[in-house]
Amino acid sequence: MCYGIEGLLKEDIIDLRQQPAHLWPLIRTTPSAALGSCRYKLQEDDPDRAIALLRRLDIHFLIYIGGNDSADTAHRLALAARNSGYELQTIGVPKTIDNDLPFTDHSPGYGSAARFLALATMDSTLNTVSIPWHYPVKVIETMGRDAGWLAASSALGKRHDNDPPHIILMPEHVFKADNFLKQVEAVYRSIGYVIVVASEAVRDEKGQPLGTARQTGEDAFQHPLLTGAAQHLVELVIQHLNLRARFEKPGDLQRMSSTCISRTDQDEAYLVGQAAIQALLQGESDKMVTLVRHTEPAYYCSTGLVELAKIANAQQLMPAHYLNENKTMVTQAFYDYALPLIGPSLPDHAKLEKTKVQL
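Here the working numbering is used: the first residue of the sequence shown is 9, the next is one more, and so on.
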């Protein structure tokens, strides 16, 4: 089916057996979703309609790829099939750049998005450093919904204290404007420029996302469609510190930059797909494939299974020990967790020695 459950309900179904064989190796290295995606929440009668369509097509195996909302969809289809007496095995496959699925070490998609954001932060900073008095403060806004995994990944290229980012703002921790402005001013006075990375859902002391004032509605799962966190922070800096500031929003590039694909991430995406097939052949249903981390003799992952009901609409937020005391920078524990996921080492950008000529 194309475009997820929404496509199934619209009978937008293709036969993958008819695809030319040469296409599959190319699909494996192509970012985004070849079958399409959706943001559709099942309505009351949709599960029964979906089961009727699957029955008509004589389909008894369903693999559903996605995050926590997709797990909810797959679980509801499994229940509907069971209640109607239809033999249907349903397996969920994890995929979300937000990396917020519980019961799995991490989610396919996160490693590549993390690599992109680490490189974007490193590279974008070079422009700021080249002319720091022009826009000395830059705010980079990441995706990630209620979890700070993506924002945290921006620090994976940081090798020294003065390297970017200098401040990371997570949705798991309350944003306090006074503390933020003090940090920005301190970094600016120390090195002459400041790189801030902020999650799109950073919340103030009232629990409201900073982008709420520019909220553009909700998706089908009642998640707010936010825009404006970075702009809000820039306005604070300009108004209270009288510093020039700008913001960057990588947007969809976080999801699908082909130049930043992590080979580790790519291989693990293939691995969970294989595991889903094996689970179906072994008679499993109403489960999601998980990644299980091993560190000896070197990093690798095996797979496991968890009940879809435990994943549906649940979230795994950033653990406290991955952040420093101020909750604005990651710790070594996070580097140990995330670096194996992003593939080859990140580049080490060179800097000129500032040996000035005596006049």
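Beta carbons are placed, not taken as given, at the ideal position from N, Cα and C, and that holds for glycine.
The C-beta of P258 has 16 or more other C-beta atoms within 10 Å across all chains shown, which makes the residue buried. Looking only at R123, F183, H174, the smallest Cα-Cα distance to R197 is reached by H174. Per the Cβ contact rule, the region 118 to 133 is not in contact with the region 309 to 325 (fewer than 3 Cβ pairs under 8 angstroms).
Of the other Cβ atoms in all chains shown, 16 or more fall within 10 Å of the Cβ of A284; this residue is therefore buried. Taking the Cβ atoms as the reference, A58 lies roughly 11 angstroms from L87, outside the contact range of under 8 angstroms.
Around the C-beta of D273, 16 or more other C-beta atoms lie within 10 Å, and the residue is accordingly described as buried. For T129, the enclosing alpha helix (DSSP H) begins and ends at 118 to 138.
In the three-state DSSP reduction, R167 falls in the coil class, being neither helix nor strand. Closest in C-alpha terms to H114, from the list I350, D66, H240, comes I350. The C-beta distance from D106 to G74 rounds to 11 angstroms, too long to meet the 8 angstroms contact threshold. The alpha carbon of M296 has as its nearest neighbour, out of S310, E315, Y308, H302, the alpha carbon of E315.
The alpha-carbon separation between L331 and L347 amounts to approximately 15 angstroms. By the criterion of at least three beta-carbon pairs nearer than 8 angstroms, the region 322 to 342 is in contact with the region 142 to 161. Unbroken beta strand (DSSP E) runs of no fewer than 3 residues, entirely contained in the region 229 to 303, are found at 253 to 256, 295 to 302, following chain order.
By the criterion of a C-beta distance shorter than 6 angstroms, P39 is surrounded in its chain by M264, S266, once the five residues flanking it on both sides are discounted. Annotation: I71 to Q51 spans about 20 angstroms, alpha carbon to alpha carbon. Closest in alpha carbon position to G15, among R36, L43, L34, is L43. CA-to-CA, the gap between V204 and H181 works out to about 15 angstroms. Beta-bridge analysis with DSSP links R211 to P217. A159 and S207 do touch by the CB rule: their CB atoms are close to 4 angstroms apart, below 8 angstroms. In the DSSP assignment, Q340 falls within the unbroken alpha helix (DSSP H) covering 340 to 346. With fewer than 16 other CB atoms across the displayed protein chains lying within 10 angstroms of its CB, A358 is exposed. Three or more beta-carbon pairs separated by less than 8 angstroms are not found between the region 275 to 284 and the region 131 to 146, which leaves the two stretches without contact. Bounds of the beta strand (DSSP E) holding E315 are 308 to 315. A residue is called buried once 16 or more other Cβ atoms fall within 10 Å of its Cβ, and D260, having fewer, is exposed.
Put simply, of R64, L288, L34, A253 the residue whose alpha carbon is nearest the alpha carbon of V101 is L288. Under a 10 Å Cβ-count criterion, S270 is classified as buried, with 16 or more other Cβ atoms of the shown protein chains found around its own Cβ. Boundaries for K184: no beta strand (DSSP E) harbours it, and the DSSP string shows neither H nor E there.
Runs of beta strand (DSSP E) with 3 or more residues, each lying fully within the region 75 to 118, are found at 97 to 102, listed in chain order. V145 places its beta carbon less than 9 angstroms from that of L251. Contact between V210 and F183 holds: their C-beta atoms lie close to 5 angstroms from each other, under 8 angstroms. Spanning the alpha carbons of L244 and W141 requires a straight line of approximately 18 angstroms. By the 16-neighbour rule on beta-carbons within 10 angstroms, L65 is exposed. In this structure, the beta-carbon distance from E95 to L61 does not fall below 9 angstroms. Per DSSP, reduced to three states, the secondary structure at A41 is coil, with no helix or strand assignment.
In this structure I35 is exposed. Its beta-carbon is surrounded by fewer than 16 other beta-carbon atoms within 10 angstroms.
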